[in-house]
Each structure stands twice: as C-alpha cells, then as structure tokens.
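Heads up: the sequence shown begins at 0 in numbering that gives the first Met the number 0, then just goes up one per residue.
Ideal placement from N, C-alpha and C gives every residue a C-beta, glycine not left out.
On a predicted model such as this, the values are computed, not experimentally measured, just so you know.
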Amino acid sequence: MALLIDLFGYLSIILHGLTIGAQSMAMGGVLFLVFLARPFAAALPDGAALARRTGVIAGWSAFSLVACELLAVALQVAVLMGSVDLSLTNALMAQFAVAGLVKAAAAGVLGVILLSPRPAPAPALLGLCAVVLAAAVMTTHAAARLADGPVLLAATGLHILGAAIWIGGIPFFIVALRRLRDGAAFRRVGARFSRISMLGVSCILLSAATMTWFYIGTWPAAYGTAYGVMVGAKAAMFAALLLLGLGNFLVVERLRADPTTPVLRMRRFAEVEVGIGFSIFFAAASLTSVPPAVDLLQDRVTWAEIVERNTPHVPRLASPDHDSLALSELQAQLDAEAVRAKIAPPPAVVPGSGELPARNAADIAWSEYNHHWAGLFVVAVGLMGLLQHAGLHAARHWPLLLLGLAGFLLVRSDPEVWPLGDVGFFESLRDVEVLQHRVFVLLIAAFALFEWGVRTGRLRRPGAALVFPLLTAAGGALLLTHSHAISNVKDQLLIEMSHTPLALAGIGAGWARWLELRADGPIRRMAGWAWPVCFLVVGAILLLYREA
C-alpha cells in the first residue's frame, strides 16, 4: 500500500490518459456508426461490413474504457483508504467513485450491445454515450467549482464531446479508407466525415475558449503557471491537427473534381492525427493533477524570470564531484554520527517517502551538466540523420549514439541511487521521478537498437521501422506527464517549461518519421528532413537548459 501511495500521482495521470483515449474511441465509434457507417451501408461497396467492423472496434473500446475506469476507481479508493481512515463503503460513496462506476456500467452495456449480433437502435447507443459523457464531466475540475459551475460543466461536456467526435472518430475513418476502393466512395465518406469533424472542431474551439476564460483568465496566468503551460502545449498540438485536417479536406475537395485522386496522403495524415490526438489526451490528463491557473495566485513565474532563465549561456561540460552533492554530504554526516554513536547509519534519502531531497549549488550544476551532454548527443543524432538523408551512407550508424545517451542517463540521471548512490535499483523505483527516468532510458535503448537494425538492414521486417516513430512519439507524450520533485515551486515550473517544448519536438520528430516511412511524394521527402531538424531543436533546448 505504501508503494501504491508513493506512485499514485504518476500512475493516475497515465491511467487517466488511457481512460480518455478509450472513452473518446468508444463514443467516437458510436457517432461514426450512427451518422456515417449505417447511413452509407447500402450505398457503399462493402458498406455493411464497414458498419459491422465499426461496431466491433467501438465495442472493444467500450470494454477498454470499463477496464481503465475500474482500475482508476480501485487505485483512488485504495489510496484514499490507505491515507485516510475510511471504510470501503464510505470510499465508494465519494463523487469520483460513483461517477467512475456509473461510467464503467454504461460503457459495459454499450460494449455488450455493440458486439451483439443484432444491430442496436441508435437512440440506445446515443443514450449510453450521454451517460458516459455526463459521468466523465463529473470527475473534472468543473464539478468541483462552486462559482460558474453550470457554465463550466456545459463547456467541459462540450469539450469531451468534441474530442470524441473528431479525434475519437479518426481511427474509424482510417478503417473506412482501408476498405474503400473507388474515388466516388472516398469522396462520399471523406465529405461526410469532414462535416462531422468540423462539428467536433467547433465544439472544441467554443469550449476551449470558455474554459480558458474561466480557468486562466489573464496572460500572466497563461505563461506563469503549470496549468497555462500545459494548455499552451495542447493548443500547439491542436493547431497541428487543424493543419493535417485541412490537408485531408483539400484531398476531399480534389476528389469532387477528379475521382482518381490518390488518397494515400489522406490516410497517412489521419494516422498522424490519431497519434497527436492521443498525445493531447495525456496532456489533458496532466491538467487534472494541477490546479487551474486562476487559483494559483502565489508563486507564479514572471515574464522577466522566464527570459532570465532562458538567456543562452555557455554549456556546462565539467561535472561537479559526486561527494559535493547535498545528499552525499548529508550521508557523510550521518555516517560520521553513526560511527560516534556506534549504530547503523540511517539513509540520507528514502525513496517514496514524500520528502523532497536537499539540493545545493553542486546539485544544480550536476543536473545542468547532464542536460548539456545529453544535448550534445541529440545534436549529433540530428546532424547524422540529416547527413544520411542527404546520401552519406556511413551516417546510417547514428542510432548507436543513442545507446551512449541511454548509458549516460542510466548512470547520471539520479546520483543518489544505483549505480552511483547508496539506494538500490529496485528500491529506487519507489520514487516517481526515478521511475520515469528509468522508463525513458529503456525507451531510448530500445529505440536505438531497433533503428540501428533497420538502418543497417539487420532488421527487415516491415514493422521494425515503425519502432522509431512510435517510441519517439510515445516518449514525447510521456514527457508531458513528467514532473520534478523540487521544493521551490517557481524553479519546478521553470524546469518543466523547458521540458514542454522538448515533448512537442519529440512528438513532431516521431510523426515526421512516420510520414517519411508511410507517405509518398513531396510529403515523404519533407518529412525526411523534418525529423532530424526536430532532433536538432531538442538538442539546442537541452544545451540551453539551466536551473539557476
């Protein structure tokens, strides 16, 4: 139970992101089925099969929502009972638990009827989606606010609905594109889905403007709080989705004039839209872990502090001594006191204790050194990627540089734990920040090995090449959930401000590489140049990183 409480914050964000994704696909699948697949079933070649396939995917998405929601409720109830003297019955009566169980029940019924042999009537499907939507709204910031509650509840519901209509519907649109064969069918489905998507986009824009007004309110709150920064990240990814959607809309318009227009680009853009959309879901999940910007009146970061922190300095390429770190000095002091008292020395740090570790100037220098050397690794990767794309055959071994980066981070990222510190490897995983660092190291190593095998021809399976874009994009999305255990709120926010553009550049690199592999023509060529540039951006941000 103690370990569960230690990891609760991070696990709840990850689980909430998965829940939003399953929820959007379940609701989006129902809407796609009711307003596109069924109405076109008789008119499209293989239209009946498309409707059945849509129902099956939506049904399994609903069951995934059940699993995610029940896990989330179980996690929250267990932590509540472990930290507060409450019985199981009382814990299950909390609003989050009631709303979660109602959502799970509605999603379970939805999954059953979607997977049943007999087509369910549209009103039943839409009614169950309405219950899921209402329950989802009751677990958001809006449900906890006394002031402006009705407006915020309506805006939140509209926001969730818009995401389901658009982002949740795109996977089903991709399924439809794969099943269709003639230009007329592509045009009909593309035109209908474009109109549906426009409705979803309108819902998102209207609700986002409303929530921004009530939750953020001012420009200083927008750039000076964690909530505002994460909303900015969501807005940047939303803009990318709009550009991709515009590209698909133009393809649909060309299909009107010429039914033989290729639709491969539309399929590939839709795939990228799904990936970026799910990254937005994890950003949305991160927002639930921080208070709205209007509620954080103290410890906001000023524009002058942001400019000062991000003013370029010469990178720090010399490391401080490990013994000069605050925890090393504290451990040495505890060891000396234990020798005098003839007792076993207590540890200077206990992973997962909830106590923020001590820091001094050497700790700041240690962290900046790590980021700056990591930046050199990433800049080298970006340059080698550009050289390979330009035709330099020897540059294909660039993924091996990432193995060096993974080893560097494994040793250096957390100096108080194994292999440099006294805390053992498995014991250190109780600390959320250490756990996240280990996950990132694993992702980097896996990415390096797979991509080196692809680049050198050792891995020839078609799916092997997709490891690069998927792991890079997943790493960027996970970085949106990353936090630092620092007692100074302003310093913590300034650090996380530098990590947000890193995450966005990582997501951009991953999906640019996806387009290089799966698109054709000018899009493929431009994407081949774009992902190394994204790596150069990441490297530059790391080289400019500062903590003081």
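Query	Result
Is it right to say V83 is buried, meaning 16 or more other beta carbons lie within 10 angstroms of its own, or is it exposed?	exposed
Can we say the segment 499–509 touches the segment 527–538, given the rule of at least three CB pairs closer than 8 angstroms?	yes
Using only CA atoms, which one of R457, Y368, T259 lies nearest to L541?	Y368
Do three or more CB pairs link the segment 22–38 to the segment 164–172 at distances below 8 angstroms?	yes
Can you look up T416 in the DSSP assignment and give me helix, strand or coil?	Reading off the sequence shown, one finds Val at residue 416, where the question assumed Thr. Residue state, collapsed to three classes: strand.
According to DSSP, which residues form a beta bridge with V422?	V416
Please determine, among P44, R454, G474, the residue with the shortest C-alpha to C-alpha distance to G390.	R454
Drop a sphere of 10 angstroms on the beta-carbon of S115, count the other beta-carbons inside from all chains shown, and report buried for 16 or more, exposed for fewer.	exposed
Quick check on DSSP: helix, strand or coil for Q297?	coil
Is the beta carbon of W530 within less than 7 angstroms of some heavy atom of the ligand MG?	As far as ligands go, the structure on display features none, and thus does not contain the ligand MG.
What number of angstroms, rounded off, separates the C-alpha of L404 from the C-alpha of A284?	29 angstroms
Which one of W302, R267, A47, A48 has the shortest CA to CA distance from G520?	R267
Just reading off the alpha helix (DSSP H) that H371 is part of, what are its end residues?	360–389
What does a CB cutoff of less than 8 angstroms around W528 pick up in its chain, not counting 5 residues either side in sequence?	L385, H388
If the criterion is Cβ atoms closer than 8 angstroms, does the pair A48 and R37 meet it?	no
Select from R524, E426, H371, G475 the residue whose C-alpha is nearest the C-alpha of G538.	H371
Put Y544 into one of helix, strand or coil per three-state DSSP.	coil
On a Cα-Cα basis, can you pick out the residue from A364, R457, V431 that is closest to P350?	V431
Do you know offhand how far L64's Cα is from G107's?	8 angstroms
Using the Cβ count rule (16 or more neighbours within 10 Å means buried), how would you classify E102?	Per the sequence presented here, residue 102 reads as Lys, with Glu not at that position. K102 is buried by the Cβ-count criterion.
Please report how far the alpha carbon of L205 lies from the alpha carbon of Y544, in whole angstroms.	36 angstroms
Any idea what DSSP makes of H321, helix, strand or coil?	helix
Quick one: what's got a C-beta closer than 6 angstroms to L35's C-beta in the same chain, skipping five residues either side?	R191
Check whether the segment 207–221 and the segment 241–251 touch, using three or more Cβ-Cβ pairs below 8 angstroms as the test.	no
Taking the alpha-carbon of H396 as reference, which of D413, G452, I342, P344 has the nearest alpha-carbon?	G452
Once you ignore the five residues that flank H312 on each side, which residues in its own chain have a CB closer than 8 angstroms to its CB?	L543, R545
Assuming H436 is part of the alpha helix (DSSP H), what are its boundary residues?	431–454
What does the alpha-carbon distance come out to for the pair V262 and A256?	14 angstroms
Tell me whether the beta-carbon of I112 lies closer than 8 angstroms to the beta-carbon of A119.	yes
Considering only C-alpha positions, which residue in the set G28, F39, V78 is nearest to G56?	Looking at the sequence itself, residue 56 is Ile, so the reference to Gly does not match. Residue G28 is the option with its Cα nearest to I56.
On a Cα-Cα basis, can you pick out the residue from I522, T53, A526, W530 that is closest to R264?	I522
When we look at the beta-carbon of W551 and count the other beta-carbons within 10 Å, is it buried (16 or more) or exposed?	Residue 551 is absent from the model: the chain starts at 0 and stops at 547.
DSSP three-state label for A235, please.	helix
How about the segment 467–478 and the segment 421–429: do they share at least three Cβ pairs that are nearer than 8 angstroms?	no
Among the residues of its own chain, which have a CB less than 8 angstroms from the CB of A235, if the five just before and after it don't count?	L503
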